[in-house]
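Take a look at the structure set out below.
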Amino acid sequence: MGCGKTMQLLQVAFNYEERGHKVCVIKPATDTKNGTKILTRIGPERETNFCFDRKTDLFKKISKEYNDVQCVLVDEAQFLTSKQVDQLMQVVNNLHIPVMAYGLRLNFRLTDGGFEGATRLLQIAHEIEEIKTICECGHKATCNARFLDGRFVADGPDVLIDGTTEIEYRAICPACYERYLHGRVTDVEGLPQSSRKGGAVGRKHPAGPAQKRSL
Ligand SMILES: [Zn+2]
């Protein structure tokens, strides 16, 4: 989405490792584009410890193979199943290992879509922290918008894997999302002056920004 959640995850991993602690970094196998690595837009990357699919029992896997780590870090946590979020809670409760899950609250259509993991995390996380970023208009960005070959789209599947089209996600504010949705603007230069001041509507909008969730 471009709000730096993966960058924060890597920073936390670095902090633990710098102090001599082991971490377990995981991501969903749906993110096939980067193989088993997690990448950030500004450069840093790292290999994951493992990728999970919807059938992976995360409690079983972590308790067998990673029970000596000090922290479990989950990238793209919205793709967890609801059951897997509960398994991560078991990791916290039974193995006493903190879990930090980084992901989106909503999909690019601003519905909950298939992100049952995001919903479950919001229900049971001990702490929820919003990662803030800025829209192209300068306001707080809380929506994750999909662009195909530079064109805004508001429909399509939650997970889009297509080798021919350039898929980009941009963090934008709810007002800009509305404008893109109604085709009133194609770039920020075209924004009417009044729209640059807004914001009240944005704060009421149910759309969610990227979240860090600590179980
Ligand atoms: Zn905006």
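So the mapping is simple: the numbering used here equals the position in the sequence shown, first residue as 1, plus 1348. All residues carry an ideal CB built from backbone N, CA and C; glycine is no exception.
The closest heavy atom of ligand 1 lies 6 Å or more from the beta carbon of cysteine 1491.
In this structure, threonine 1388 places its C-beta atom within 7 Å of the C-beta atom of methionine 1355.
Counting along the chain, no beta strand (DSSP E) covers isoleucine 1479, and no H or E run does either. At a cut-off of 6 Å, the beta-carbon of histidine 1487 counts as near ligand 1: some heavy atom of the ligand is closer than that. Under the DSSP definition of a beta bridge, tyrosine 1517 partners with Arg1494. Here DSSP, grouped into helix, strand and coil, assigns leucine 1452 to strand. Annotated three-state conformation of alanine 1523 is helix, per DSSP. Taking 6 Å as the cut-off, the C-beta of isoleucine 1520 counts as close to a heavy atom of ligand 1. Between the alpha carbons of threonine 1429 and tyrosine 1364 lies a gap of roughly 27 Å.
Taking 6 Å as the cut-off, the C-beta of cysteine 1483 counts as close to a heavy atom of ligand 1. Pairing valine 1360 with arginine 1518, the inter-Cα distance amounts to about 24 Å. Closest in alpha carbon position to alanine 1449, among Arg1499, Asn1442, Glu1484, Cys1419, is Cys1419. Exposure of phenylalanine 1362 is indicated by the presence of fewer than 16 other C-beta atoms within 10 angstroms of its C-beta. The beta carbon of cysteine 1524 sits closer than 6 Å to at least one heavy atom of ligand 1. With fewer than 16 other Cβ atoms inside 10 Å of its own Cβ, aspartate 1497 counts as exposed.
Around the beta-carbon of valine 1422, 16 or more other beta-carbon atoms lie within 10 Å, marking it buried.
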